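K.L.:
Protein chains: 2
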Amino acid sequence: MSAASPSTARKPSARERLLTAADELFYAEGIHTVGIDRIIERAGVAKASLYSTFGSKDELVRAYLEGRHGLRRGRLLKGLERFEDPRERVLGVFDVLDELAGSPDFRGCPFYNASAEGVPGGPVQEVSDSSRAWTRGLFVELAREAGAKDPAAFAAQMVVLYDGASVGARMDRPAMAPKVARAMAETLLDAALA
Amino acid sequence: MSAASPSTARKPSARERLLTAADELFYAEGIHTVGIDRIIERAGVAKASLYSTFGSKDELVRAYLEGRHGLRRGRLLKGLERFEDPRERVLGVFDVLDELAGSPDFRGCPFYNASAEGVPGGPVQEVSDSSRAWTRGLFVELAREAGAKDPAAFAAQMVVLYDGASVGARMDRPAMAPKVARAMAETLLDAALA
DNA sequence: TAGAGACTAGACAGATCTGTCTGGTATCGT
DNA sequence: ACGATACCAGACAGATCTGTCTAGTCTCTA
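Those sequence lines, one after another, are chains A and B.
For the first sequence, position 87 matches number 87 in the numbering used here, and the numbering has no gaps at all.
For the numbering used here, add 194 to where a residue sits in the second sequence, where the first one is 1.
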């Protein structure tokens, strides 16, 4: 609440600039292919600042993924606000994904992508697991509100659809998969209420 | 099993040994993380042989992916032979995936994994695209035989399920996603016939 | 038996990557 | 004014990676 620097545009901190640069490059090109030097160059930050802030590339990767998790959570919750009807809120998840996948920068799920690059274990799997658990939990809640007979089972179905739509949107352009998934979700929701 | 067949006990060629070593290592750990030296060591092959046979790591990667494509095609066609009923043959795709995903070595779709590691374009995308096209075509054919009203549309749904099941099986162990996908396919198949 | 082709072992070059370290500059609270 | 903090610029070390090259071994065949 304090501060309120209206006219003077504060320059983002080195940490913030590093995170946005890492986010753009890691997501667009992958983690292994993007070196530290590319990141600090884009961020306009000294290498020493990166290492005094994050300690290692691995920790920068963790921060990148945690940022992506927060982004996704925020985008979904905000995107679902516009829907009132519980049924529409379930399907709305695929609407949000569809909007996102329409962007030419869309490259699929950052957690799966990161996971595909390395051996299991480590920070990547931690953040990835927690992000998946959150998504599943969201679907369970939406399923309950929509009156599904077995919310957990229905949520498991929606997770499969969500993953499949995300993969399809990355691999086949233009991305039709999210719309297909939405239609499937509609059919399955009918079946889950009966 | 006796030593009585020396003529058939031929040692695999350098190319074959390289391909099996590359297949195991690339699939298990990813392409960037596995260096040439690891591959030639496991294959028991000289580095010069690798480069005289394949020319570059990129071409070895292409050969690895083409091998995976052939493997998958063969596994699916063979796995579907046991089913007679057209409906069972559609669902059988998910049975085959379920069996595969039960193995502890399962690490998801090799094409998506490879694609997640690099920038678009290049051999990876080529093989990946053709493999996805083949899968889609298989589903179209199965859908037609099963009597779907719109085989292409139904196949698009099945591809979403297949991708989603594959991702889920890689990210959440033990892998429940293929069974979930099979159940969803059953419901959707009913809807696609009506 | 001689030679061609397939293969092995490993040194080497050149690039690139992560991470460290030195040293200098700007800003801010007190 | 002054010290603390945050930051910048870039050299450097050490590891690792792809790809090349030399030189020698084995096997089959004409």
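Built from N, CA and C at the ideal position, the CB exists for glycine as well.
This structure is a prediction, so every number in the text was calculated from the model and none was measured.
Can you confirm whether V180 of chain A, when its beta carbon is compared against all beta carbons of chain B, has any partner nearer than 8 Å?
P.N.:
Within the first sequence, the letter at position 180 stands for residue 180 of chain A. V180 of chain A counts as touching chain B.
K.L.:
Is there contact between the segment 220 to 239 of chain B and the segment 249 to 261 of chain B, where contact requires at least three CB pairs shorter than 8 Å?
P.N.:
The segment 220 to 239 of chain B makes contact with the segment 249 to 261 of chain B, as at least three CB pairs between them are under 8 Å.
K.L.:
Tell me the residue span of the alpha helix (DSSP H) that contains P372 of chain B.
P.N.:
In the second sequence, residue 372 of chain B corresponds to position 178, counting from 1. Segment 371 to 387, the alpha helix (DSSP H) holding P372 of chain B.
K.L.:
Between the alpha carbons of Y162 of chain A and A177 of chain A, how many angstroms are there, rounded?
P.N.:
As a first step, residue 162 of chain A must be located in the first sequence, where it is residue number 162. As a first step, residue 177 of chain A must be located in the first sequence, where it is residue number 177. Taking the straight line from one Cα to the other gives about 9 Å.
K.L.:
Of the residues A:A133, A:K57, A:V93, which one's Cα is nearest the Cα of L19 of chain A?
P.N.:
Position 19 of the first sequence, counted from the start, is the residue given in the question as residue 19 of chain A. Of the candidates A:A133, A:K57, A:V93, the one whose C-alpha sits nearest the C-alpha of L19 of chain A is A:K57.
K.L.:
At a Cβ cut of 7 Å, what residues of the segment 17 to 32 of chain A count as close to chain B, listed as they run along the chain?
P.N.:
Residues E29, G30, H32.
K.L.:
Rounded C-beta distance between R376 of chain B and D292 of chain B? I'm assuming under 8 Å.
P.N.:
As a first step, residue 376 of chain B is located in the second sequence; it is residue number 182 there, counting from the start. As a first step, residue 292 of chain B is located in the second sequence; it is residue number 98 there, counting from the start. The Cβ separation is near 7 Å, so the contact holds.
K.L.:
Within this structure, are the beta carbons of V45 of chain A and A22 of chain A separated by less than 8 Å?
P.N.:
Mapped onto the first sequence, residue 45 of chain A falls at position 45. Mapped onto the first sequence, residue 22 of chain A falls at position 22. Taking 8 Å as the Cβ cut-off, V45 of chain A and A22 of chain A do not qualify as a contacting pair.
K.L.:
Should F154 of chain A and A143 of chain A be called a contact, given that it needs their Cβ atoms to be closer than 8 Å?
P.N.:
Sequence index remark: in the first sequence, residue 154 of chain A carries index 154 (1-based). Sequence index remark: in the first sequence, residue 143 of chain A carries index 143 (1-based). It is a contact, given that the beta carbons lie within the stated cut-off.
K.L.:
So which of B:V361, B:I230, B:D384 has the shortest CA-CA distance to F248 of chain B?
P.N.:
Here residue 248 of chain B refers to the residue found at position 54 when the second sequence is read from its first residue. Minimum Cα distance to F248 of chain B is reached at B:I230.
K.L.:
Would you grab the beta carbon distance between G30 of chain A and G224 of chain B for me? Rounded to a whole angstrom, and I think it's under 8 Å.
P.N.:
Here residue 30 of chain A is taken as the residue at index 30 of the first sequence, counted from 1. Here residue 224 of chain B is taken as the residue at index 30 of the second sequence, counted from 1. About 10 Å separates the two Cβ atoms, so there is no contact after all.
K.L.:
Have a look at B:M378, B:E253, B:R236 and flag the residue whose alpha-carbon is nearest the alpha-carbon of D289 of chain B.
P.N.:
To locate residue 289 of chain B, count along the second sequence from 1; it is residue 95. Put simply, of B:M378, B:E253, B:R236 the residue whose alpha carbon is nearest the alpha carbon of D289 of chain B is B:M378.
K.L.:
Whole angstroms are fine: how far does the CA of V34 of chain A sit from the CA of Y59 of chain A?
P.N.:
Start at 1 with the first residue of the first sequence, and residue 59 of chain A comes out as number 59. Start at 1 with the first residue of the first sequence, and residue 34 of chain A comes out as number 34. The question names Tyr, but residue 59 of chain A is Glu in the sequence shown. Spanning the two alpha carbons is a distance of roughly 15 Å.
K.L.:
Please work out which residues of its chain come closer than 7 Å, Cβ to Cβ, to E186 of chain A, disregarding the five sequence neighbours upstream and downstream, and give them in chain order.
P.N.:
If you number the first sequence from 1, residue 186 of chain A lands on position 186. Excluding residues within five positions, the ones whose Cβ falls inside 7 Å are L91.
K.L.:
Rounded to the nearest angstrom, how far is the Cβ of P151 of chain A from that of V140 of chain A, given a contact under 8 Å?
P.N.:
Translated into the one-based positions of the first sequence, residue 151 of chain A becomes position 151. Translated into the one-based positions of the first sequence, residue 140 of chain A becomes position 140. 5 Å between Cβ atoms; contact.
K.L.:
Which same chain residues end up closer than 6 Å to G168 of chain A when comparing Cβ atoms and leaving out the 5 residues on each side of it in sequence?
P.N.:
What you label residue 168 of chain A is simply residue 168 of the first sequence in a count that begins at 1. Cβ neighbours of G168 of chain A beyond the five flanking positions: A177.
K.L.:
DSSP three-state call for R173 of chain A: helix, strand or coil?
P.N.:
Taking the first residue of the first sequence as position 1, residue 173 of chain A is located at position 173. In this structure, R173 of chain A counts as coil in the three-state DSSP scheme.
K.L.:
Is it buried or exposed, L71 of chain A, if we count other Cβ atoms within 10 angstroms and call 16 or more buried?
P.N.:
In the first sequence, the residue the question calls residue 71 of chain A occupies position 71. That one is exposed.
K.L.:
Check distances from the C-beta atoms of the segment 148 to 165 of chain A to those of chain B and list, in chain order, the residues that come in under 9 Å.
P.N.:
A153, A156, Q157, V159, V160, L161, Y162, D163, G164, A165
K.L.:
With a threshold of 7 Å on Cβ separation, who are the neighbours of Q319 of chain B within its own chain once the five nearest residues in sequence on each side are excluded?
P.N.:
Stepping through the second sequence from its first residue, residue 319 of chain B is reached at position 125. Excluding sequence neighbours, Q319 of chain B sits near S309.
K.L.:
Would you verify that the beta carbon of R326 of chain B is, or is not, closer than 8 Å to some beta carbon of chain A?
P.N.:
Numbered from its first residue, the second sequence carries residue 326 of chain B at position 132. Interface residue (Cβ-Cβ distance to chain A less than 8 Å): R326 of chain B is classified as such.
K.L.:
Of all the residues that make up the segment 73 to 107 of chain A, which are near chain B by a beta-carbon distance shorter than 7 Å?
P.N.:
Answer in chain order: no residues at all.
K.L.:
Along chain B, which residues have their Cβ under 8 Å away from the Cβ of T187 of chain A?
P.N.:
Along the first sequence, one-based indexing puts residue 187 of chain A at 187. What T187 of chain A touches in chain B: T381, L382, A385.
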